Every structure is written in structure tokens, then in C-alpha cells.
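Undergrad:
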């Protein structure tokens, strides 16, 4: 009987043990399952937090601004480069010293390099077939000029070799150029300069080359005013820039009012969406205005910036100036950017010399100090003349 009881007691123990293990297994199952489910919820929560943090760094509207300056013809007659001679070199920097602040103050400055800077090795020359010393480019860079336009009626004066020499030197000193190129590959690169997050494309064209034919197959040496090609260039520039500035060598020499052709071309460029048109060639100043393009686009035009530095005198040929205009970029969303041009300001300048020596560019309103009578009255006259069409 005792064994029988012992066996019964042993059987009960086994049953209890099995039941306990089953219950423990169930409990563990629920705990593990809960932990897994809870862990999954935590991951989702972390993901949601990550998304929330990510949204904090997503696009935010912003705005930026910069000032663009432009000056007119750098026309280096023999009298000018002889005055700059120091013996075996040339120094044009003193000629710009009195206006250097006007050129350094803006974020970006462009000049019209009317005479090719082919250097002394190919021989310097003056009107009517110009070639200028490399040191002209050095002085411009020192004064704050960032890019030069070289498409004009004198680009081919000394042939392809002068263009190759000039562009090679400009590359060497890090001075950007537009309008004349050493190769088709060089021409196909749109010149873009970036200031404060605003990208400006610079294009440049001339009405002609004083009857010198462009070498066949080397049309890249100088950009001629050819509207179908200009439209292609503008379309390409729009893809890589915020603002398009076009230098136009156009109009009639010594004429102070733009021609009908200039007005017509300005309207065509405005219709294509160009933002700024910078005019050269007349060697005298012509007024500024806003031109309304199609779709309501506003284009700022200065028809001629006159001579900034040259050996020409009298009849307004020794008066030029510095244009400054503010460019504002407002980015409201990744697909909504507004570009606005505003506050154009023109500061007249005057080139003085003492019988073709000691050439200097000075602000016109201060030109009494270098012998110009009625300087302040002339400065007022020029300002009224340049602003007469601006609203």
C-alpha cells in the first residue's frame, strides 16, 4: 500500500510539474510577444521622430542680394600706354587710383576691354589697329574688375594671334572674359560668376569688326550680333544662371541718343528674358531705361557707357561713368524663385590729362581738382541726362 501511495504521489508531482511548465511557457510567450510588439512600436515612434527632425531641416525660404557694376570702353590709345610706360614695363594702376573705390565696392564689376590686350611680344599699336600691354588687365583686376567683354569692332585688329595671346594672359591672372574665344570649346562655356548665391551669365556681341572678315571656320574668335545664335546662347544661359547680362557693341559713334536699331535689338533681347543690357561703342554716354519684354519681363538697359579710359578728349568723349544696380534673389520654394533688379545708380567720371601725360580717371563731381571748370554743374547735367528715361 505504501508503494502504491508513493507511485500516486510521484504521478501527481509529474502532472503538477508539467502544468507548471505549460503555464510558464504561456507566460513567457506573452511576455516575449509583448516585448516584440512593444519594440515594433518603439521603432515606429523612432521613425516618426526621425521624420519630425528631418522636417525641421527641410527647405526654408530665403533671400539674397548683390550689386553689379559696369564701366565703359577701355580704349588704350598710344598716348595712354606711352604715359603708362616705366621703361621696360607699363603701369596703368595710377590711372584708376581715384575711382578704385567705386569699382571695389560692388560685389561684381564688368568692363568693356575695347582694345585687345595681346601684349608687347606681338608689338603694341594704336588707332586704327589696336594692341595693348598685358598690364592693362593687371590694372583692371587691381581696381576691382572681375570680367571683361572683348567682343567689339577692334577684336580682330591684330588677328587670331592677338586673341590667343590676350585670352591666355587673362586666364593666367584669373580674369574672366566673354565675347571672344580661343576655340569652339572655349566659346561653348557660358561665363557664370556667382556672388552671394546669385549666378550671373555674361554674354557679349558686336555689330562688326571694321570690315576685317572673321576667319572661316573660326567664328568663335568673336561673337557677332546674330539674333538666332544669341537666342540659343540665352536659352543655354537660362539653364545655368539666375540673371543674364548681355554686353552689346552697337549704335553710332559720338551719337548721344540710341538709334532705332539699338532700341529694336533691346526689345528683342527683353522678349528673350535678358535681365541687363550693357551698351558700348558710341564713345559717349547714352541714357538708361527699363524695357518691357513679353510676359511683362522688365529688362534694364544702359545704351552706352561711354569711354572710361581713353585718349579721346572733348565733346563728351572724356566723360564716362560707373553703373551700379542691385540684384535681389528671393527663393520662396524649390520651384518658386523671384529675381528683382532695382536701384540703378550712375556715377559720372572724367578722364583728365596734362597734354597727353598723367592720365587719370576721377569722379566727375570732383574734377574741379584736376582743372575742369564747372565740374559740379556738368556732373548734374550728366546725371539728369542719364536718368531722363527712368521712372
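In the UniProt record's numbering, the protein residues as written are 1 to 391.
We treat Cβ as the ideally placed atom computed from N, Cα and C, and that holds for glycine.
Predicted, not measured: the structure shown is a model, and the values here were computed from it.
1) Could you check how far apart the C-beta atoms of residue 67 and residue 324 are, in whole angstroms? I think they sit under 8 Å.
2) Rounded to whole angstroms, what is the Cα-Cα separation between residue 356 and residue 310?
3) Can you look up residue 382 in the DSSP assignment and give me helix, strand or coil?
4) If I measure Cβ to Cβ from residue 219 and keep anything under 8 Å in the same chain, skipping five residues before and after, which residues do I get?
5) Just tell me which of 162, 370, 143 and 350 has its CA closest to the CA of residue 109.
6) Could you have a look at residue 395 and say whether DSSP puts it in helix, strand or coil?
7) Considering only residues of the same chain and omitting the five flanking positions on each side of residue 164, which have a CB-CB separation below 6 Å?
8) Using beta-carbon positions only, say whether residue 288 and residue 301 come within less than 8 Å of one another.
9) If I follow the unbroken beta strand (DSSP E) through residue 287, where does it start and stop?
10) Can we say the stretch 69 to 87 touches the stretch 110 to 118, given the rule of at least three CB pairs closer than 8 Å?
11) Out of 303, 293, 266 and 273, which one is the CA nearest neighbour of residue 283?
12) Does the beta-carbon of residue 90 have 16 or more other beta-carbons within 10 angstroms, so that it is buried, or is it exposed?
13) The alpha helix (DSSP H) that contains residue 167, what's its start and end?
14) May I have the straight-line CA-CA distance separating residue 270 from residue 294, to the nearest angstrom?
15) Threshold first: 3 residues or longer. Then list the beta strand (DSSP E) segments lying entirely within the stretch 97 to 163, N to C.
16) What number of angstroms, rounded off, separates the C-alpha of residue 204 from the C-alpha of residue 179?
17) Looking at the unbroken beta strand (DSSP E) that takes in residue 341, where does it start and where does it end?
18) Taking the continuous beta strand (DSSP E) assigned at residue 360, which residues delimit it?
19) Nearest to residue 339 by alpha carbon, out of 151, 299 and 112?
20) Less than 8 Å between the CB atoms is what I'm expecting for residue 348 and residue 379, so what's the real figure, rounded?
21) What does the Cβ neighbour count give for residue 104, buried or exposed, with the cut at 16 atoms within 10 Å?
22) Locate the beta strand (DSSP E) running through residue 72, then write down its first and last residues.
23) Decide if residue 388 is buried, meaning its Cβ has at least 16 other Cβ atoms within 10 Å, or exposed.
24) Counting beta carbon pairs with one atom in the stretch 201 to 215 and one in the stretch 131 to 141, are three or more of them shorter than 8 Å?
25) Is it the case that the stretch 364 to 381 contacts the stretch 274 to 282, given that we only count it when at least three CB pairs across the two stretches are under 8 Å?
26) Identify every residue that forms a DSSP beta bridge with residue 247.
27) Does residue 60 pass the burial test, meaning 16 or more other C-beta atoms within 10 Å, or should it be called exposed?
28) Count the other CB atoms, across all protein chains shown, that sit within 10 Å of the CB of residue 62; report buried if there are 16 or more and exposed otherwise.
29) From what residue to what residue does the beta strand (DSSP E) around residue 218 run?
30) Compare the Cα-Cα distances from residue 151 to each of 236, 69, 250 and 365 and report the closest residue.
31) If the criterion is Cβ atoms closer than 8 Å, does the pair residue 162 and residue 122 meet it?
32) Taking the alpha carbon of residue 286 as the reference point, which residue from 369, 146 and 252 has its own alpha carbon closest?
33) Is it buried or exposed, residue 41, if we count other Cβ atoms within 10 angstroms and call 16 or more buried?
34) Report back the beta-carbon spacing between residue 95 and residue 359 to the nearest angstrom; my notes put them in contact at under 8 Å.
35) DSSP state of residue 79, grouped into three classes?
36) Here's the rule: buried if 16 or more other CB atoms are within 10 angstroms of the residue's CB, otherwise exposed. What is residue 87?
TA: If we stick to the structure as given:
1) 5 Å
2) 10 Å
3) helix
4) none
5) 143
6) Since the first and last residues shown for the chain are 1 and 391, residue 395 lies out of range.
7) 182
8) yes
9) 285 to 292
10) yes
11) 303
12) buried
13) 159 to 173
14) 7 Å
15) 108 to 112 and 147 to 149
16) 4 Å
17) 336 to 352
18) 360 to 363
19) 299
20) 6 Å
21) exposed
22) 62 to 74
23) exposed
24) no
25) no
26) 204 and 278
27) exposed
28) exposed
29) Taken as a continuous stretch (DSSP letters only), residue 218 belongs to no beta strand (DSSP E), as it is neither H nor E.
30) 250
31) yes
32) 252
33) Confidence in residue 41 is poor, its pLDDT being 35 and thus under 50, which makes the residue's placement too unreliable to answer from.
34) 5 Å
35) helix
36) exposed
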